[in-house]
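Worksheet for the structure shown next.
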Amino acid sequence: MQMIFHYQIGFFTQYNFISENSEFDVVSSWYTIFNKSVEYIIKVPQYHNSIVQKLALFSSICHPAVIYKKEKILQLGGYKNDGNLHVAQDYELWLRAKSKLKFYNIQEILLLYRIHSESNSNNLFKSERNIHYQIQEKYYKNLPLEFNINSNSEQIIMRGFREYFWGDIKTSRIYWRTLGVKLLITPKVFIAYILTFFNRDFVVKFNNYKIWLRMIFFIESIFDKNISDQKKYWEKAIE
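Counting with my numbering, you get residues 2 to 240 for the letters of the sequence shown.
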């Protein structure tokens, strides 16, 4: 079960932005994950090129908080309803739209997203994994063209993470080994590489718990006044 709270002020913030900045076609924002309290913040990138790069792995547009120009989406054919695609309709749409529309993410929390424990079940993740992998397939034939990922090492890292999250974790290990010393000095890749020696179920649980995001949020809520103030504000909102 999931509960979404998109505050009215958030909608008007986005509407005003897209009205005043006509060059953008799709606008979303940061959002926060909570249960009984705020657990962590999803900070999606701000500008189009960075958003497109992140799309190589995940949707970097917060779909429940998105506002877009309807006519532009319809020109692309809208959301597809093919088979099991419903679990990733938004992601598939943004991949089609990335070279035709312009994205922007407001760097504020405009959405609360409650995820209960069953929402992160292994069975749910397994049902999505193959679909994401299949959706990505044609775009991975040319990473520089599709996602502005140009350097050889960046491409290796991205292909490895694709396997790590959606494909075969052993294959991700093969990719990352070719990085040599760079593997050791890239913390996220190194941690993921170590995790590939565990079974898939453990890796899924580790990833679903979002340990990295929780650690960052914990540190920022102590040392970053802006994050600390937002945390207090949203925790009052969900009381």
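All C-beta atoms in this analysis are idealised placements derived from N, C-alpha and C, irrespective of residue type, glycine included.
Three or more beta-carbon pairs drawn from the segment 141-156 and the segment 38-55 are found closer than 8 Å, and the two stretches are therefore classed as touching. Within a 10 Å sphere around the beta-carbon of R163 sit 16 or more other beta-carbons, which makes this residue buried.
According to the DSSP assignment, Q108 belongs to the beta strand (DSSP E) that extends over 104-116. Under the DSSP definition of a beta bridge, F35 partners with V39, R115. Within the segment 187-238, the runs of alpha helix (DSSP H) that reach at least 4 residues and sit entirely inside it are, in chain order, 188-196, 201-209, 212-224, 226-238. In summary, V205 is buried, with 16 or more beta-carbon neighbours lying within 10 Å of its beta-carbon over all protein chains present. Approximately 5 Å separates the beta-carbon atoms of I157 and Y176; this is inside 8 Å, confirming the contact.
By the criterion of at least three beta-carbon pairs nearer than 8 Å, the segment 207-222 is not in contact with the segment 176-186. For H133, the number of other beta carbons within 10 angstroms of its own is at least 16, and it is reported as buried.
Taking S154 as the centre and dropping the five residues before and after it, the same chain places the C-beta of L180, K183 closer than 7 Å to its C-beta, in chain order.
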